[in-house]
Ligand code: IPD
Ligand code: CA
Ligand code: CA
Ligand code: CA
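Numbering (UniProt numbering), first residue to last: 1 to 265.
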């Protein structure tokens, strides 16, 4: 049986090592490419960071599987055994243009069950991590579950652009959700925003389209806190395919699904 505490320590040490390399790279010019459009960027730093983790996992745990955003490893067919799901830089646009608010995200799963979750905000030096059944932490401070707030006292995080996409089937429900909440924030890094929900800095995070590497790390944190993350229709998030995401404390999460973003809305 794997020692998840130990594996968590190894993953955190590699994360700090990768973060040093990212900070060095940030001090020099680097190549930026647009993938599907001007809001979908990748840099050589994303690719090198993913390769760094892939090589570490391959050398140290050859029996483990690996899924990363930039496609260093073969596509994942299933979630059997131990799988590392990594977003080498979450918030690449922030990384390129703002040079703050980006994270390394790692989720380690066994047979589809989240065991270790890491979201490291590199420039803020904030290490959010959880080990299933042990606890969730930010740096060395253990997170305690926050109290539920009614929606009109809740701060919701989402990308404001989705409110402008009026032909999107979820556009109107999101407008109503924004109107009924206390306020809205938008940080441009899903993993950080999900970690903020786990840390009770945000009450909910909503996205119309995320991939498994965006939420795999933070999901372990959310689960350890007893919070919920599902698709808009209330389904468990998949580790093989992405889609809509709503994460919050359990009562608020259920309310947002049933009264705002769920299929019947
Ligand atoms: C993106 C960020 C962004 C979210 C996008 C993600 P990336 O990840 O998390 O906040 O809105 O959907 O793709 O590409 O910067 O790793
Ligand atoms: Ca990306
Ligand atoms: Ca991402
Ligand atoms: Ca990324």
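Glycine included, every Cβ here is placed at the ideal spot set by N, Cα and C.
Rounded to the nearest angstrom, what separates residue i and residue j at their Cα positions?
| i | j | result |
| --- | --- | --- |
| residue 180 | residue 210 | 24 angstroms |
| residue 118 | residue 191 | 9 angstroms |
| residue 112 | residue 239 | 7 angstroms |
| residue 164 | residue 58 | 43 angstroms |
| residue 215 | residue 194 | 7 angstroms |
| residue 206 | residue 15 | 26 angstroms |
| residue 267 | residue 99 | In the structure as shown, the chain begins at 1 and stops at 265. Residue 267 is therefore absent and cannot be evaluated. |
| residue 55 | residue 62 | 10 angstroms |
| residue 208 | residue 37 | 17 angstroms |
| residue 26 | residue 258 | 43 angstroms |
| residue 146 | residue 49 | 34 angstroms |
| residue 183 | residue 247 | 16 angstroms |
| residue 224 | residue 3 | 17 angstroms |
| residue 12 | residue 136 | 13 angstroms |
| residue 204 | residue 127 | 20 angstroms |
| residue 24 | residue 172 | 43 angstroms |
| residue 255 | residue 236 | 16 angstroms |
| residue 72 | residue 150 | 43 angstroms |
| residue 234 | residue 196 | 21 angstroms |
| residue 90 | residue 104 | 6 angstroms |
| residue 232 | residue 245 | 6 angstroms |
| residue 262 | residue 28 | 45 angstroms |
| residue 123 | residue 94 | 11 angstroms |
| residue 230 | residue 5 | 26 angstroms |
| residue 253 | residue 243 | 16 angstroms |
| residue 60 | residue 152 | 48 angstroms |
Give me, in chain order, the residues of the same chain whose beta-carbon lies closer than 6 angstroms to that of residue i; leave out the 5 immediate sequence neighbours on both sides.
| i | result |
| --- | --- |
| residue 82 | 64 and 110 |
| residue 249 | 148 and 227 |
| residue 68 | 50 and 86 |
| residue 139 | 127 |
Rank the options by C-alpha distance to the C-alpha of residue i and give the top, closest one.
| i | options | result |
| --- | --- | --- |
| residue 34 | 164, 15 and 70 | 70 |
| residue 125 | 238, 18, 241 and 233 | 18 |
| residue 161 | 143, 187, 101 and 104 | 187 |
| residue 297 | 220, 66 and 89 | Missing from the structure shown is residue 297; the chain here goes from 1 to 265 and no further. |
| residue 271 | 263, 234 and 213 | Here the chain covers residues 1 to 265 and nothing more, so residue 271 does not appear. |
| residue 30 | 52, 53 and 92 | 92 |
| residue 121 | 203, 80, 218 and 241 | 218 |
| residue 46 | 6, 235, 263 and 102 | 102 |
| residue 21 | 4, 53, 142 and 60 | 53 |
| residue 76 | 262, 241 and 136 | 241 |
| residue 200 | 104, 143, 173 and 220 | 143 |
| residue 130 | 123, 108, 151 and 150 | 108 |
| residue 132 | 253, 221, 74 and 262 | 221 |
| residue 115 | 84, 253 and 123 | 84 |
| residue 88 | 243, 229, 5 and 189 | 189 |
| residue 39 | 253, 159 and 153 | 159 |
Tell me residue i's beta-bridge partners as DSSP assigns them.
| i | result |
| --- | --- |
| residue 36 | Paired residue(s): none; residue 36 is not in a bridge. |
| residue 228 | 248 |
| residue 43 | 32 |
| residue 258 | BP columns for residue 258 are empty, so no partner. |
| residue 67 | 85 |
| residue 243 | 210 |
| residue 236 | 230 |
Tell me which same chain residues have a C-beta within less than 8 angstroms of the C-beta of residue i, skipping the five on either side of it?
| i | result |
| --- | --- |
| residue 251 | 148 |
| residue 32 | 41, 42, 43 and 96 |
| residue 7 | 108, 115 and 116 |
| residue 198 | 128, 130, 136, 143, 218, 221, 222, 224, 225 and 227 |
| residue 141 | none |
Suppose the cutoff is 7 angstroms on Cβ atoms and the five residues either side in sequence are ignored; what does the same chain contact list for residue i look like?
| i | result |
| --- | --- |
| residue 185 | 155, 157 and 202 |
| residue 260 | 173, 176 and 177 |
Residue i CB to nearest chain D CB: under 8 angstroms?
| i | result |
| --- | --- |
| residue 26 | Of the protein chains in the structure, only one exists, and it is not chain D. |
| request: Quick one: which unbroken beta strand (DSSP E) runs of 3-plus residues sit fully inside the region 153–183? Chain order, please. | output: Qualifying beta strand (DSSP E) stretches, in chain order: 155–157.
| request: Pick out the complete beta strand (DSSP E) segments inside the region 72–153, 3 residues or longer, and give them in chain order. | output: Counting only runs that start and end inside the region 72–153, the beta strand (DSSP E) elements of at least 3 residues fall at 82–90, 103–110, 113–121, 126–131 and 135–138.
| Which runs of the beta strand (DSSP E) spanning at least 3 residues fall entirely within the region 182–215, listed in chain order? | Counting only runs of 3+ residues, the beta strand (DSSP E) found wholly inside the region 182–215 occupies 183–185 and 204–210, in chain order.
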